[in-house]
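*Asks:*
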Amino acid sequence: MFPKEKVRNEVAIIRYIHDQTSIPAPFVLDWGTRKDSPFELGQYMIMEFMDHHTNMYDVLNMLGRSRAYRGILDPDFDEDELEQLQIDDFTWKVTHRPLSMPMNELIRLGRYLNRAIVHPMNQRNDAIDSADDCRRKFVARYLFRKLTRERKLTERWAAFENGPFKFWCDDFRPGNVLLNKDFKIAAVVDWEFTCAAPVEFSYAPPWWLLIEKPEYWPTDGGLEDWCGEYECQLQTFLRAMISREDEAIRKCQLKENRRLSGPMRESWESGDFWVAYAARNNFAFDAIYWQKIDRRFFGPTRCSDPADAWRERPKYLNAEEKHDMEQVVSQQLENMKSRVLAWDPDEYTLGQIDIARKKAETEESEIKGTEIG
1 MFPKEKVRNE VAIIRYIHDQ TSIPAPFVLD WGTRKDSPFE LGQYMIMEFM DHHTNMYDVL
61 NMLGRSRAYR GILDPDFDED ELEQLQIDDF TWKVTHRPLS MPMNELIRLG RYLNRAIVHP
121 MNQRNDAIDS ADDCRRKFVA RYLFRKLTRE RKLTERWAAF ENGPFKFWCD DFRPGNVLLN
181 KDFKIAAVVD WEFTCAAPVE FSYAPPWWLL IEKPEYWPTD GGLEDWCGEY ECQLQTFLRA
241 MISREDEAIR KCQLKENRRL SGPMRESWES GDFWVAYAAR NNFAFDAIYW QKIDRRFFGP
301 TRCSDPADAW RERPKYLNAE EKHDMEQVVS QQLENMKSRV LAWDPDEYTL GQIDIARKKA
361 ETEESEIKGT EIG
């Protein structure tokens, strides 16, 4: 989805990386929109090939590898420069909206409103399992919005509301890091979902320490089991990060107040990790909200099952919101019966339809010309 934005964003970010950092990224040889491409087939980007042997994801999954031969993700860049959008006499400006992975997935998988906070309320088919499931999803999203509007989710980071905003890749994971045969970094790729993001996104520790996302954790223990495993890996990760930060500080490459290890630990221990994760991951929102966010801000409930906690939360909705909830329930129940397919084609599909139409018109004209002749 959003092919034009993806190409434009990735080209801009790669050029920024080349200009301002020493992170190894492929050089962009040429790029263009659908109208620039031969036969108008689609957007394109031609980059140099980065010779590599494997990627960090495969290395992390390699059982039995000695610690002495494990790779270290340490691109040698100056963090003071990286977090700025204006450096020296050359200016980098944010002129387009941030394109995130969840935005891409929302559009790719169906017809939704622009705001992820209400997308299940407007999805026509398979959005809910029952009336109560619809109410549970509605309450979760409206309470999350309530917390956001009251600034309760971000009050700890109020000092950063006007920046500086961190350079942050929404889809970054070990698979983005290509390694050579000596397990040194050969390149870092796939930058299309990079933007200037809220500081709490950067301060949250990476979810990929267990490779698998919490909502896809393949055990009966589910989210709690993931948390137990993640806690162990996080402590190892933070110890390694502190070691690298200490070394960078000794070399005057990093200032003491620029450490990430402290904010990451605090984010996990306070639960801010889950707030940022829920805000970014639409399809994991419900489980994350009820298990990790709701009781933190609204207090305990009488029921022990987080899935039933919603029954005690409508008191935080006003009369209009409660009315809206019942309207949505009625609408979704009707959709479950009719299952009408409603779909808006994306930019790429519209372009292909236009090409097909022009091709058909040309062929029709040629046929008519042949008949006349």
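Numbering (UniProt numbering) for the sequence shown: 1 to 373.
Using N, Cα and C, we set each Cβ at its ideal position, and we do this for glycine too.
Give me the residue from N61, A196 and R135 with the minimum Cα distance to N162.
*Replies:* A196
*Asks:* Where does L41 fall in DSSP's three states?
*Replies:* coil
*Asks:* For residue 390, which residues in the same chain have their Cβ closer than 8 Å to its Cβ, ignoring the five residues on either side in sequence?
*Replies:* There is no way to answer for residue 390, as the model of the chain reaches only from 1 to 373.
*Asks:* Could you give the distance in angstroms between the alpha-carbon of V328 and the alpha-carbon of C134?
*Replies:* 8 Å
*Asks:* Quick check: what's the CA-CA separation for M50 versus M325?
*Replies:* Each residue's Cα considered, the two are about 52 Å apart.
*Asks:* Is the segment 296 to 316 touching the segment 139 to 156 in the sense that three or more CB pairs, one from each, lie closer than 8 Å?
*Replies:* Here the segment 139 to 156 makes contact with the segment 296 to 316; the two share three or more CB pairs at distances below 8 Å.
*Asks:* In this structure, how does DSSP classify M47 when only helix, strand and coil are distinguished?
*Replies:* strand
*Asks:* Rounded to a whole number of angstroms, what is the C-alpha to C-alpha distance between R357 and W208?
*Replies:* 45 Å
*Asks:* Once the 5 residues before and after L333 are set aside, which same chain residues still bring their CB inside 7 Å of it?
*Replies:* A131
*Asks:* To which residues of the same chain is Y289 closer than 7 Å at the C-beta, ignoring the five residues directly before and after it?
*Replies:* A140, F144 and A278
*Asks:* Just tell me which of K137, V28 and Y142 has its CA closest to the CA of N318.
*Replies:* Y142
*Asks:* Using C-beta distances below 7 Å, list every residue in its chain close to P306, excluding the 5 sequence neighbours before and after it, in chain order.
*Replies:* W290 and Q291
*Asks:* Just to confirm the assignment: which complete alpha helix (DSSP H) runs, minimum length 4, are found wholly within the segment 170 to 219?
*Replies:* 199 to 203
*Asks:* State yes or no: is the beta carbon of K181 nearer than 8 Å to at least one beta carbon in chain B?
*Replies:* Note that chain B does not occur in the displayed structure, where there is just one protein chain.
*Asks:* Along the beta strand (DSSP E) that carries G32, what are the first and last residues, could you check?
*Replies:* From DSSP, the beta strand (DSSP E) with G32 extends over V28 to G32.
*Asks:* Just list the alpha helix (DSSP H) runs in the segment 215 to 260, keeping only unbroken ones of 4 residues or longer that don't cross its boundaries, in chain order.
*Replies:* 222 to 250
*Asks:* Could you give the residue range of the alpha helix (DSSP H) that holds A276?
*Replies:* D272 to R280
*Asks:* Tell me F167's beta-bridge partners as DSSP assigns them.
*Replies:* A196
*Asks:* Taking Cβ to Cβ, would you say Q20 is nearer than 8 Å to T33?
*Replies:* no
*Asks:* Ends of the alpha helix (DSSP H) at D58?
*Replies:* D58 -> alpha helix (DSSP H) spans M56 to L60.
*Asks:* Taking only three categories from DSSP, how would you classify K152?
*Replies:* coil
*Asks:* Does the beta-carbon of N282 have 16 or more other beta-carbons within 10 angstroms, so that it is buried, or is it exposed?
*Replies:* buried
*Asks:* Quick one: grab the DSSP three-state call for I23.
*Replies:* coil
*Asks:* Where does the unbroken alpha helix (DSSP H) through D36 begin, and where does it stop?
*Replies:* Where D36 is concerned, there is no enclosing alpha helix (DSSP H), given that its DSSP letter is neither H nor E.
*Asks:* For N257, count the other beta carbons within 10 Å of its own beta carbon; 16 or more makes it buried, fewer makes it exposed. Which is it?
*Replies:* exposed
*Asks:* DSSP three-state label for C134, please.
*Replies:* helix
*Asks:* Does DSSP put R302 in a helix, in a strand, or in coil?
*Replies:* coil
*Asks:* Check R313 in the structure and name its three-state DSSP category.
*Replies:* coil
*Asks:* Taking Cβ positions, are T362 and L179 nearer each other than 8 Å?
*Replies:* no
*Asks:* Rounded to whole angstroms, how far is the Cβ of I242 from the Cβ of S261, which I believe are closer than 8 Å?
*Replies:* So it is a contact: roughly 5 Å between Cβ atoms.
*Asks:* Distance check for R136 and S330, CA to CA, integer angstroms please.
*Replies:* 14 Å
*Asks:* Please report the straight-line C-alpha distance between S37 and E48, rounded to a whole angstrom.
*Replies:* 18 Å
*Asks:* Say yes only if the C-beta of H52 is nearer than 7 Å to one or more non-hydrogen atoms of the ligand ZN, and no if none qualify.
*Replies:* The ligand content of the structure shown is nil, which means the ligand ZN is not present either.
*Asks:* Residues in its own chain within less than 6 Å of F27 by CB, not counting five upstream and five downstream?
*Replies:* E48
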